[in-house]
Every structure is written in C-alpha cells, then in structure tokens.
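Residue numbers (our numbering): 561 to 1532.
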C-alpha cells in the first residue's frame, strides 16, 4: 500500500470536508497558516523518505499543500518534519492548531504489530534560524497527538475524510522565535494544515482613552493591566487615570478611570470635537458645549468662554456661564426728611438692575454755597447710618451736618460691572414742598376733631397726600399717631374727652415730604352726663361681644377637628413587586436613585457576576463625603431582557431600608455601562468568610451574626417580601461582622454550586435550602424562608459546611419528606439545634415566625446559659436525623437477636471480633467516645442503620442496601 492512502491527495478532484474551529472574537494574530500558502512549504523532512509534501484541494476546491507519511510496513519508524523558523513577536503563549487525517491500523492487513495511531509534537526556541540541520535532543515535547476519528479504505472510496482538529498551547516563550517539529513513529497520517497564532487585545478607544494592541499574559488566568492614553484634546480626570485589563482570551475587561474633553471641546463618539461658533465649554468637567449666555458671542471654534456685546460686561468673579450685564439705572423716587442737622434719604430700587442681583447703593454728599457749581465734598466729619456705600437697604441717615448750610445729595445704584463702565446711575434730591401754611379748626367734639388747612405756598410738584401727626399733650411717653388724607381736610376719631392734643401736618410730593407745620393744640369737649348712652360705646360693646363669640366658635371648631383627626391608623410600608409594572423602567426610577456616572470611581475588578463584572470603588455625591461601594456592571451587548432582569434587583433593593439588609446607593441607567451601586461589604459572602475563619469565633459571636440575619428577614417579612433564596452565600459581612441579607435577584442559578439547583416546571430551586412545600408545590412564603433560615443557622454553626454533605438532590428531597433532619454541628449548643429543628417542621404553620426567632436569639445573647437548654417554639416533638438515645434492649436476649431485628445480622461476626459480645457493651457505645464509635439513628428510609463518627468530626452515612462499615474500625 502506498503513502497516498494516508491523506486527501488521493481524493484529488473531490472536496475534502474540514471541521471548522471557531476562534471567537477578537481574531487572533496568525504566525503560520500552511493552508493559506499555495506554493511549496519546503519544510525540513528527516529522513528524506519519511514525510512527503504533496498538493491537494480543500472543500472549496482551493489548492493546498500538505505533508503525509505512511511507513507502516517497517518497524521502528522515526520520521521528523520541521517547519520553517517562526518569529513570535511579543507573544508569550502560542496556540498550535493541527488538522490531520489518520488511517485505522485495523484496516491495514499485516501491519498490526508495527502500525501506530499517534504522532508527537515538539518545539525548539531560538533567537534566529539555525539552518537545515535537525537534532532531536534540542526539541521539547509538547504532547502526543491522537486522532479522535480514523478512516478506513472504505471511507476513501466514499470520499469521506474524517478530519481531526487538535489545539495545543506553548508557553511561556522567552526567545525571538521557534520551530515546530512533528515525529512519526509508524502511523499512516496526513498533516492537512498547521495554524500557529497568538491572542491579543486589539487597540480600542474607551472613555476617550486609547488602549494599544496588547498581547495576552503568559498564564491562562493572568490579566495584563494597561494604561490608556487620552485622545487628542482630552485630559485625564483628576486622580482617575484610565486603565483596562486584557484577559487571557484577548478581551478587554471593564474600564477603570477615564479621560474627559478639555475646555472648549465636547465628546462626540470616541473623539473630542471643538465647540462650534456661538457655543463654549468653560471646564473639562462640563459634559457638553453650551450656547453663549445672553448678550455675549464668539466667532471661533473651541472657545472656553464668550465675549460680551458692546455696552455689556462680565465681572471678574462671574463664571463664563453667566450672562453679560450692564450697570443699573438710577434709583427712583428719592425723598428726604430734615431733622435739625440730620437728613434721612429714602428711595426706590432702579427700574433696570442691569440683569444682576448684586445691586447696592452709595451716597455722594456735597456742601454747596449759594452760588451755582460751588460745591465741595462733605468730608470725613459727616456720619452715615448704616453706611455711605455698599448699602443694601434703600435708606440712609446723614448726620453731623452744619446748621444753616446748603447740601446736595446724590444716591448711586452700583452692581458688579459698574466700575467697568463709565455710565453713572445717580439721582439727586429734588426740592421738597414748603410747609402747610395754616390749620383751620372746624369742629371739636368729645371724641373727634375735624381739621382743615391751606396747601403749601410752594408745592414744587403735585401733592399726593397729607399726613396729620398728633399726640396727647400731657402724655408722659409721647406716642405719635397719624392720619392720612388726599384732600386739605380730615377727621381724627377715637380721641379722649376733655384731653389736649397737639397736631402737625406735612405734605407729600414726588420729591418727598415737606417739613411739619407749626404745632396746633386743641382740647376735646367734656363727656356728657345724661342717661343717654354714647352710640360709639354701644357699637364698641357689641363688637367686643361678637368677637368673643366668634373666638369661642373658632376654638370649638379647632378642638372638634383635632379629635376628629386623632383617630388615624398608621400606614405600613409594603413591598411592591416590580413585575406588576407595565414598564419596568418606571419601577427602577421610582425605587432607585439615579446616579451621575461622574460621581462613581471604579478602582478595581473584584469578580464576575451573572450579568457582568463586579467592581469596588468610591461614590462621591455633592455635599457628602465619599464612601466605599460595590458596583455591579451590565456587560456590553446586553439584550433588553437582560437589562430588565439586571435592574429588577435594584427595583427590589431600593424599597428596603434596614441595617441588616444590604443598602442600595443607586443605579446608572442613562450611561454605559449600566450599573447598580450598593454599599461595600468588606468581608464578602458569609459562607466563604466562615470557611476562611474556621473555629475562630465564640458561640455568642456566631449567635450575634444569626441575630442580625433574623432581624433583616423579620423586616423583609413585615414588608411582605419573600426572599426564596436565603443561604449563607447570599449573606454579606462587613468589617464590623454585621451580617446583611442580599441577592434579591429571585430564582436564578447558583453560580458556585450548580448541583444545588433542582429544576422544576416553574424555574430553578436551591434544594438544600428550600422547604418541602416550596419544592413540591412552589409555595413560597415567609414560612419557607424560615426553613431556609434554619439551614443558614446550620451553615453558620458548622463554619460553612455543605448542607447534607454529598447526598444527591433527589436523596435530599426524599429524605426530608420522610423525616430526615440535619444533626447538630460539632460544638453546637442544644438550644440552637432545637431552634433549627423548629424551623424545619414539616407543617409550615408550626414553624416560628422571624420575630419569635429574634426574641429567642436575644434571650440567648443576654443569658448564654439558655444555649445549653433546648427551648423551642413548637408544640410537638420533631424527628431529628440523629437520635443519640440508647436503644431499648429489653426485648432482646443477645446481640445477634438484636442485630437480626434491625436487619444488620451480617455484622454479627464483626461485633464479636470487636469485643461487643453482650447487650451491655453495645449500650455503652457513645457518640462522645474520644476514639470514635457507633451511634444509632433512624435514617430517611425508616430503617435502623449505623453512623460512624470519625475523630475528624465527619459523619459517613452507611446505607443499608450497600453498607460496608467494618465495626473494627471504630477503635481507630
């Protein structure tokens, strides 16, 4: 048989079927692909009559070059084939993909003893080509390559070539290049193609940072940290330089840090573009360019501010985002009042503030001669109250003026841009009217006086009104009262009879008040002595009585309303299922706070979740100190359902606020990546934490952890929330050993323990933690959470041991149904184990409530002696997994009779050999034996059986149908 039988060359003209090997995305870097080379490969073959290079066609009828060998008729074959030198570049891990066909030795008659069905793959590292010599001892073996499928002569006739594909990895490599070599030891084989490549993370722009092509690490689990370089016109965010990690599979992991566009530039895609004309961006912290504020402009691109229009200004303290403004107009309605050597000035704000809210006032005082334009500054001897400048209120008193001097006052409105403009905003004191000339006494009565007067001789404008000031002449503390009138007459009422009053009148114009008129003294008439009642008194009495009645009515109404509103039932916060919302996004925004992604700083990747990476970082909200947080990210390329499921947990967590329930800080839904931000729990999950610190806590510390979990579950139960997946893996622990309930993603696969999930028609259930009614009928309630809590108690007291050990899921389900219960963990107090048993009552109505559990644990913490005494909440006993009581031997006469009764008679010789010849010696066997021993219990098949307690503290169930326990080992 010729060599052509080995490969596809004989099948020329017929396509060769290749199995496609998907390398995934991104594509690898190809160093060698023999299939892509149509010219001769010219590899080194030794000896020359071994491997032979031939031509063939692939499945697309494309010519390919292959090597084959089929020296099966002669023994002791050692045929070598070496590739040309392959320069590896920066690669450290090299992938070698081989595609080959191999002839079944059984189909080759007469060569059974010499034929092989494998060949060997070698490599040699060198810094340069070493020539055409081939020395076997310089090569390192990679692996022996065997075929998954071989072909026979019949396959060749049917043109069905069975192509094998094998992938091997070389590394880490340290020299510039290498050779591959293939050793044939007597097989009939055709090497169809050889592809050599390595993986790299291809250059990418993420968060405005460029990450270059990066070769993967030398180990499968290694991550290569890469520093990013900001794109043009971008800069690193403060203390948050951009980084990414290149995984061994050539994929970039979640970015840490970022770049931001500089002032004058905004982000568009993966680049920073300049702001257009009429737009600006003043800081790199701003996200987008803004239109120029009012009364400003720019005519260039990439501006960080806008210039003010003519007549408008921007103060040095104004940020670029503030509109350009101008000085205010002059104050309005300036009036004055002279009191001996003091002048009071009052005015109204300007009609136009210039577009600013920082308007203040300053007063200019000049003393003038009687000649025009002969004025000088008042000087430092004049006082101003409250101040001369920087006035916020619209009044000032100028004191210490000279008597009989002529003064001019101006009030100027000032704002932040006044000093940048030459415009003055001043108003001068106008001329006030002269005094009222004469008061005419018209009519005087017991309790009123009618007055009239003549208007001022020089009104200096239109008189708006008159003010009448009056007071009792003989009153010790002079208290003024005023009456105003639009005309030159007025009536002053509510005066006292037989009382002297002093009156003065002044006029008001736009320029202000005139001086008061000279004083006028008038005395009211005496009070009448007749029996006739004064109508004013009658009216006053009626008014007072009516007021009293009204007060009582209002008081009675208020009292009645108070009692009516007193019967008010306090509302209880209830959990709302996000699935009830037609739009799930509405539930997220109702219960979870939307965070600005710029407030979150991702520091490092700490794990991988179901939907993406889990990171740790810092959250800095405005006005608050930064806090440590955990950040769950949604991986790129998610579907809308994945996004909805991812955010569902946030919709649930956002409704909870309890110290023993993990706190949701907020979500990021308006940016990428989508994130859920929760408080950072330094010690991670409870089960892993306990396994790491096995035996390092006191019983009271463990009970304290259990108390925290129970308190959190009590809160959730009160809100009407059923967890459905309560387990130690879903409890997080912070640095103060405070345990908090987490993982509100409802029924989903347990990532670290796929076998612990039992699939039914309604979803996946963690069998070892789930109550029987929830497994069988999918009836999840707070009572089923109590069952799960009992399992959590067992996990805590056993320091994270696996519930039910290595029993299968079906065995666990069957065992629970038939009364099988977990025994107390080593060193677990009886009181705690009894509470576990109460939680595992088959009838869910007989299980304790979480508030009862919290009360029991509080009592144990206050009084540790109660840990030694089982105090349960149930009214009837439960059948535990392990019954340590001594069996009743009264009904048996010998050990053999007893063993026969419990269907263990095949162990009679073992008991005798071990020295257990009497029932009394069997009865003395105890679980507390220091050397180990046998204890009796009834298993889930309701058949008596043994359990061997080893000195390691591990229990090994001996199943009745295949028990192989040797009683002699009890003493080991």
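We treat Cβ as the ideally placed atom computed from N, Cα and C, and that holds for glycine.
Close-in-space but distant-in-sequence residues of the same chain around residue 718 (CB under 8 Å, 5 per side omitted): In the chain shown, residue 718 corresponds to position 158, counting from 1. Below a pLDDT of 50, predicted positions are generally treated as unreliable, and residue 718, at 44, falls in that range; no measurement from the model is reported.
Could you give the DSSP three-state label for residue 805: helix, strand or coil? Against the chain shown, residue 805 aligns to sequence position 245. In this structure, residue 805 counts as strand in the three-state DSSP scheme.
Count the other CB atoms within 10 Å of the CB of residue 1352; is the residue buried (16 or more) or exposed (fewer)? Indexing the chain shown from 1 puts residue 1352 at position 792. With 16 or more Cβ atoms within 10 Å of its Cβ, residue 1352 is classed as buried.
Below 8 Å, can you find three or more Cβ-Cβ pairs linking the region 1191 to 1198 to the region 1166 to 1182? yes
Taking C-beta to C-beta, are residue 872 and residue 928 nearer than 8 Å? As a first step, residue 872 must be located in the chain shown, where it is residue number 312. As a first step, residue 928 must be located in the chain shown, where it is residue number 368. Not closer than 8 Å, so no.
How big is the Cα-Cα spacing for residue 779 and residue 739? Counted from its first residue, the chain shown places residue 779 at position 219. Counted from its first residue, the chain shown places residue 739 at position 179. Across the structure, residue 779 and residue 739 are spaced so that their CA atoms are roughly 21 Å apart.
Beta carbon of residue 1344 nearer than 8 Å to that of residue 1334: Residue mapping note: residue 1344 aligns to position 784 of the chain shown, counting from 1. Residue mapping note: residue 1334 aligns to position 774 of the chain shown, counting from 1. Contact flag set, yes.
Between the Cα of residue 1356 and those of 1007, 813, 1277, 1251, spot the shortest distance and give me the residue it belongs to. As a first step, residue 1356 is located in the chain shown; it is residue number 796 there, counting from the start. Out of 1007, 813, 1277, 1251, 1251 has the C-alpha closest to the C-alpha of residue 1356.
What's the call for residue 1290, buried or exposed, on a 16-neighbour Cβ count within 10 Å? Residue 1290 sits at position 730 when you count from the first residue of the chain shown. Buried: at least 16 other Cβ atoms inside 10 Å.
Does the region 722 to 742 come close enough to the region 645 to 664 that 3 or more CB-CB pairs lie under 8 Å? yes
In the structure shown, what three-state DSSP assignment does residue 1021 receive? Numbered from its first residue, the chain shown carries residue 1021 at position 461. DSSP places residue 1021 in coil when its eight states are reduced to three.
Taking the runs of the beta strand (DSSP E) that are 3 residues or longer, which of them lie wholly in the region 913 to 992? 920 to 928, 935 to 937, 943 to 945, 955 to 959, 966 to 974, 986 to 988
Just mark residue 1156 as buried or exposed, buried being the case when its beta carbon has 16 or more other beta carbons within 10 Å. Locating residue 1156 in the chain shown gives position 596, counting from the first residue. Result: exposed.
Counting C-beta neighbours from all protein chains within 10 Å, is the total for residue 1078 16 or more, i.e. buried, or is it exposed? The residue given as residue 1078 occupies position 518 in the chain shown. By the neighbour-count rule (16 or more Cβ atoms within 10 Å), residue 1078 is not buried but exposed.
With DSSP as the reference, label residue 905 as helix, strand or coil. In the chain shown, residue 905 corresponds to position 345, counting from 1. Correct three-state label for residue 905: strand.
Range covered by the beta strand (DSSP E) that runs through residue 1067: Within the chain shown, residue 1067 is the residue found at index 507, counting from 1. From DSSP, the beta strand (DSSP E) with residue 1067 extends over 1060 to 1069.
Give me the residue from 1046, 754, 691, 1029 with the minimum Cα distance to residue 1040. Counted from its first residue, the chain shown places residue 1040 at position 480. When each option's Cα is compared against that of residue 1040, the closest is 1029.
Where does residue 680 fall in DSSP's three states? Within the chain shown, numbered from 1, the residue matching residue 680 stands at position 120. Three-state DSSP puts residue 680 in a strand.
Distance, Cα to Cα, residue 642 vs residue 689? For the purposes of this step, residue 642 is taken as residue 82 along the chain shown, with counting starting at 1. For the purposes of this step, residue 689 is taken as residue 129 along the chain shown, with counting starting at 1. Taking the straight line from one Cα to the other gives about 12 Å.
Considering residue 701, what are the terminal residues of the beta strand (DSSP E) in which it resides? Residue 701 sits at position 141 when you count from the first residue of the chain shown. Residue 701: member of the beta strand (DSSP E) spanning 700 to 706, first to last residue.
Contact check, residue 611 vs residue 629, beta carbons under 8 Å: Residue mapping note: residue 611 aligns to position 51 of the chain shown, counting from 1. Residue mapping note: residue 629 aligns to position 69 of the chain shown, counting from 1. Cβ distance < 8 Å, so residue 611 and residue 629 count as in contact.
Residue 1250 - containing alpha helix (DSSP H), residue span: As a working mapping, residue 1250 is identified with position 690 in the chain shown. From DSSP, the alpha helix (DSSP H) with residue 1250 extends over 1246 to 1252.
Close-in-space but distant-in-sequence residues of the same chain around residue 1427 (CB under 7 Å, 5 per side omitted): Counting from 1 along the chain shown, the entry for residue 1427 is found at position 867. Around residue 1427: 1259, 1389, 1391, 1392, 1420.
When you compare the region 1260 to 1268 with the region 1233 to 1240, are there three or more beta-carbon pairs, one atom per stretch, that lie closer than 8 Å? no
Do the region 970 to 979 and the region 910 to 919 touch if we need at least three Cβ pairs shorter than 8 Å? As far as the Cβ criterion goes, the region 970 to 979 touches the region 910 to 919, which means the pair count is three or higher.
In or out: residue 1302 buried (at least 16 other Cβ within 10 Å) or exposed? As a position in the chain shown, residue 1302 is number 742, starting the count at 1. Counting Cβ neighbours within 10 Å, residue 1302 comes out buried, since at least 16 surround it.
With distances taken Cα to Cα, identify the nearest neighbour of residue 1178 among 1031, 669, 799. Taking the first residue of the chain shown as position 1, residue 1178 is located at position 618. The option with the nearest alpha carbon to residue 1178 is 799.
The alpha helix (DSSP H) with residue 1469 in it runs from where to where? By one-based count along the chain shown, residue 1469 stands at place 909. Start and end: 1468 to 1473.
For residue 1087, which option in 1080, 1067, 1056 has the closest C-alpha, if you only look at C-alpha atoms? Against the chain shown, residue 1087 aligns to sequence position 527. Checked all of 1080, 1067, 1056; the closest Cα to residue 1087 is 1056.
Could you check if residue 1325 is buried or exposed, using at least 16 other CB atoms within 10 Å of its CB as the buried criterion? By one-based count along the chain shown, residue 1325 stands at place 765. So residue 1325 counts as buried.
Considering only residues of the region 1208 to 1248, which uninterrupted beta strand (DSSP E) runs meet the minimum length of 3 residues and lie entirely inside it, listed in chain order? As far as the region 1208 to 1248 is concerned, its whole beta strand (DSSP E) runs of at least 3 residues are 1224 to 1228, 1235 to 1239.
Beta strand (DSSP E) segment containing residue 523, residue limits: No statement about residue 523 is possible, as the shown extent of the chain runs from 561 to 1532 and does not include it.
At what residues does the beta strand (DSSP E) containing residue 744 begin and finish? Taking the first residue of the chain shown as 1, we reach residue 744 at position 184. Start and end: 737 to 744.
Please report how far the alpha carbon of residue 1044 lies from the alpha carbon of residue 1064, in whole angstroms. The residue labelled residue 1044 in the question sits at position 484 within the chain shown. The residue labelled residue 1064 in the question sits at position 504 within the chain shown. Straight-line Cα distance between these residues: approximately 12 Å.
Alpha carbon to alpha carbon, how far is residue 1147 from residue 1131? Give it in angstroms, no decimals. Translated into the one-based positions of the chain shown, residue 1131 becomes position 571. Translated into the one-based positions of the chain shown, residue 1147 becomes position 587. Its pLDDT being 42, under 50, residue 1131 is placed unreliably in this model, and the value from its coordinates should be taken loosely. When rounded, the distance between both Cα atoms is 21 Å.
Quick one: what's got a C-beta closer than 6 Å to residue 892's C-beta in the same chain, skipping five residues either side? Along the chain shown, read from residue 1 onward, the residue named residue 892 stands at position 332. Only 908 meet the Cβ criterion.
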